[in-house]
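Worksheet: one structure, shown below.
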Amino acid sequence: MMITTVFKKADISNLKNTYRVAVVLDVLRATTTITTALKNGCREVIPVADVDEARKLGDDPNVLLCGERSAVKLPGFNLGNSPLEFNCDTVSGKTVVLTTTNGTGAIKMAAKKSGTVVIGSLLNSKAVAKKLLQFNGDILLVCSGTRGNFSMEDTLAAGFIVKEFLSLKGIKNYSGQEITKQRSNVSDVYAAETPIDNNIENNIVLNDSSVAAYRISLFYNDNTLDALYDSLHGQKLAQLGMRHDLTYCSKLNTCNLVPIYKDGIITATT
Numbered sequence: 004m005m006i007t008t009v010f011k012k013a014d015i016s017n018l019k020n021t022y023r024v025a026v027v028l029d030v031l032r033a034t035t036t037i038t039t040a041l042k043n044g045c046r047e048v049i050p051v052a053d054v055d056e057a058r059k060l061g062d063d064p065n066v067l068l069c070g071e072r073s074a075v076k077l078p079g080f081n082l083g084n085s086p087l088e089f090n091c092d093t094v095s096g097k098t099v100v101l102t103t104t105n106g107t108g109a110i111k112m113a114a115k116k117s118g119t120v121v122i123g124s125l126l127n128s129k130a131v132a133k134k135l136l137q138f139n140g141d142i143l144l145v146c147s148g149t150r151g152n153f154s155m156e157d158t159l160a161a162g163f164i165v166k167e168f169l170s171l172k173g174i175k176n177y178s179g180q181e182i183t184k185q186r187s188n189v190s191d192v193y194a195a196e197t198p199i200d201n202n203i204e205n206n207i208v209l210n211d212s213s214v215a216a217y218r219i220s221l222f223y224n225d226n227t228l229d230a231l232y233d234s235l236h237g238q239k240l241a242q243l244g245m246r247h248d249l250t251y252c253s254k255l256n257t258c259n260l261v262p263i264y265k266d267g268i269i270t271a272t273t
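For the sequence shown, position 156 (counting from the first letter as 1) is numbered 159 according to my numbering, and the numbering increases by one without interruption.
Encoded structure:
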């Protein structure tokens with residue numbers, strides 16, 4: 004099994020393989036907001052990359068038109084992209100149409116490379132890892148990124164998912180040296196010259212980006228809010244007066260819900 008992480012959504016187009024399942028991460032804030040909306044009783048979320056397309060879908064009285072560009076709520080929309088706006092009173096029983104700068108586009112792109120798309124965040128990283136156990140095949144972790152670049156917060160969430168997944172597989176400490184010892188006699192080559200041996204119990208191969216994400220999660224550990232403030236996008240949100248969003252988005256494993264994207268719609272699973 005290969006776990007591949009990409010640090011920005013544009014990297015999806017460079018992937019040659021297809022994946023059994025992809026996890027899309029936009030911690031600040033789209034995937035956190037989607038998870039929160041569904042947790043609070045939202046019927047479904049329709050992610051839309053284009054603002055004009057979103058407006059066309061927003062005519063229905065049972066639809067909440069939501070979204071942002073450059074972290075600012077779009078004119079005429081019901082809600083922006085702050086998860087704190089998506090409370091029970093506002094979203095229960097509603098369909099949310101959501102368009103954001105990075106996350107919603109990443110979801111659409113990931114769907115072209117995988118059979119199933121899972122929505123991940125810090126809020127549900129452990130639940131996502133458990134869900135991944137149901138899939139027998141390679142896993143793609145998509146960090147949406149910020150303005151086409153690496154983002155600390157998305158990579159952190161990817162790292163926590165890798166960490167939790169390895170733990171569930173009985174691997175408490177991923178060590179490249181130990182893996183190399185186990186595979187020293189293997190002649191087969193798998194994906195980017197990474198050796199694989201199907202006789203090794205719980206054989207899991209991480210690409211270098213997945214290892215880096217895993218190590219970042221170990222570095223920050225429970226200090227997730229520090230990581231969000233270390234990120235450039237986190238600093239921008241703080242400057243825009245959205246410090247409460249950072250606090251909320253940094254919460255680790257507070258939600259057991261796992262949103263799944265299928266046929267253009269995101270719904271909740273557990």
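In this text, a Cβ means the ideal position worked out from N, Cα and C, and glycines have one as well.
At least 8 Å separates the beta-carbon of proline 64 from that of lysine 111. Taking a 10 Å sphere around the C-beta of asparagine 105, we find 16 or more other C-beta atoms and assign the residue as buried. Asn84 is the residue among Ala113, Cys91 and Asn84 whose C-alpha sits nearest the C-alpha of threonine 103.
Around the beta carbon of glycine 162, 16 or more other beta carbons lie within 10 angstroms, which makes this residue buried. Partner residues in the beta bridge of isoleucine 122, as assigned by DSSP, are Val27. With fewer than 16 neighbouring CB atoms inside 10 Å of its own CB, valine 75 falls in the exposed class. Here asparagine 152 carries a strand assignment [DSSP, helix/strand/coil].
Membership of cysteine 146 in the beta strand (DSSP E) is indicated by the continuous run 142-146. By the criterion of at least three beta-carbon pairs nearer than 8 Å, the segment 136-146 is not in contact with the segment 40-54. Here valine 66 has Thr98 and Val100 as same chain residues with Cβ atoms under 6 Å from its own Cβ, once five neighbours each way along the sequence are excluded.
In the three-state scheme derived from DSSP, where H, G and I count as helix and E and B as strand, serine 212 is classed as helix. Here isoleucine 268 is exposed, its C-beta having fewer than 16 other C-beta atoms within 10 Å. When the Cα atoms are used, isoleucine 174 and valine 94 turn out to be separated by approximately 39 Å.
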